[in-house]
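Note sheet for the following structure.
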Amino acid sequence: MTTALASGTRPAQRKKPVFRTPRPEDGTAVWELVRDTPGLDTNSRYFYVLWFRDFADCSLLATVDDEIVGFLLGYRRPEEPDTYFVWQTAVSPRHGIPFLGVKLFEAAADRQRERGARYVEATVSAENKAILMVLRQYARKRSAEVTDRVLFPSAWLGEGHHDEVLHRIGPLDRAPAQQPAAPPPPASQSPAQQPSAPQSPVRESAQQKENAA
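With the first letter of the sequence shown counted as 1, position 38 gets the number 38 in the numbering used here; the numbers rise by one all the way through.
Below is the structure:
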């Protein structure tokens, strides 16, 4: 996974980001964010436009005042649909929103968890301490384990490329379903409205029987 979890370089306005599903027309803005972020693999604009057509439900954008300030690309693995793979994520350094990268990752992973994902995967190099911390923190909060193994050796990926180490979080508990609201208690009744207790039968005395005769 290529990541850039930058902190802000200007005083934060402390605006709360809005997370939303990307659309194909967001592809160019995301491409520009990738281009301007050191350390990320820059794909074509067409790549991001196409990704947001086919994998929008597994990806997420962070916006402030309708401006894209962060993104995350992911997908559910075809052979393991309960596994969510996070492929690329970055946040803009210009907005200085505290922990935006962490919030974006957790929001995307939790959304897939609510849809049945039980595992979250990402490939991370050993040097990328920031994203490793994010993964471990997420696993700890969800009482899940993190395992790792080399997924693709550097020899497959070209000169100067590191091993791609797969980090796998899980199993995750199912997100609790929202319980229906309990019906409101019945309104209290006034004594005049309350049903009276049934009267017990009255035994006739011997004198009453005699008078009746």
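From the three backbone atoms N, C-alpha and C, an ideal C-beta is built for every residue, glycine too.
Keep in mind that this is a model prediction, so the values were computed, not measured.
Fill in: Residues near residue 49 by beta carbon distance below 6 Å, same chain, minus five either side
By one-based count along the sequence shown, residue 49 stands at place 49. These residues qualify, in order along the chain: 24 and 27.
Discussion item. Do residue 130 and residue 169 have their beta-carbon atoms positioned less than 8 Å apart in this structure?
Written reply: In the sequence shown, counting from the first residue as 1, residue 169 sits at position 169. In the sequence shown, counting from the first residue as 1, residue 130 sits at position 130. Taking 8 Å as the Cβ cut-off, residue 169 and residue 130 do not qualify as a contacting pair.
Worksheet item: The beta strand (DSSP E) spanning residue 83 covers which residue range?
Response: Numbered from its first residue, the sequence shown carries residue 83 at position 83. First-last of the beta strand (DSSP E) with residue 83: 83–91.
Practice prompt. Helix, strand or coil for residue 97, going by three-state DSSP, please let me know.
Written response: Position 97 of the sequence shown, counting from 1, holds the residue named residue 97. Coil, per DSSP.
Practice prompt. Taking only the alpha-carbon atoms, compute the straight-line gap between residue 41 and residue 62 and give it to the nearest angstrom.
Written response: Position 41 of the sequence shown, counting from 1, holds the residue named residue 41. Position 62 of the sequence shown, counting from 1, holds the residue named residue 62. Straight-line Cα distance between these residues: approximately 20 Å.
Worksheet entry | Span separating the alpha-carbon of residue 171 from that of residue 52 | Translated into the one-based positions of the sequence shown, residue 171 becomes position 171. Translated into the one-based positions of the sequence shown, residue 52 becomes position 52. Whole-angstrom Cα-Cα distance: 27 Å.
Item to complete: Report back the beta-carbon spacing between residue 85 and residue 121 to the nearest angstrom; my notes put them in contact at under 8 Å.
Response: Along the sequence shown, one-based indexing puts residue 85 at 85. Along the sequence shown, one-based indexing puts residue 121 at 121. So it is a contact: roughly 5 Å between Cβ atoms.
Discussion item. I need the straight-line Cα distance from residue 117 to residue 95, nearest angstrom please.
Written reply: In the sequence shown, counting from the first residue as 1, residue 117 sits at position 117. In the sequence shown, counting from the first residue as 1, residue 95 sits at position 95. Using only the alpha carbons, I get a separation of about 31 Å.
Practice prompt. Under the assumption that residue 162 contacts residue 125 (Cβ atoms under 8 Å), give the Cβ distance between them as a whole number of angstroms.
Written response: Locating residue 162 in the sequence shown gives position 162, where the first residue counts as 1. Locating residue 125 in the sequence shown gives position 125, where the first residue counts as 1. At roughly 5 Å, the Cβ-Cβ gap stays under 8 Å, so residue 162 and residue 125 are in contact.
Item to complete: Could you check which residue in 111, 123 and 128 has the C-alpha nearest to that of residue 147?
Response: As a first step, residue 147 is located in the sequence shown; it is residue number 147 there, counting from the start. The residue from 111, 123 and 128 with its alpha-carbon nearest to that of residue 147 is 123.
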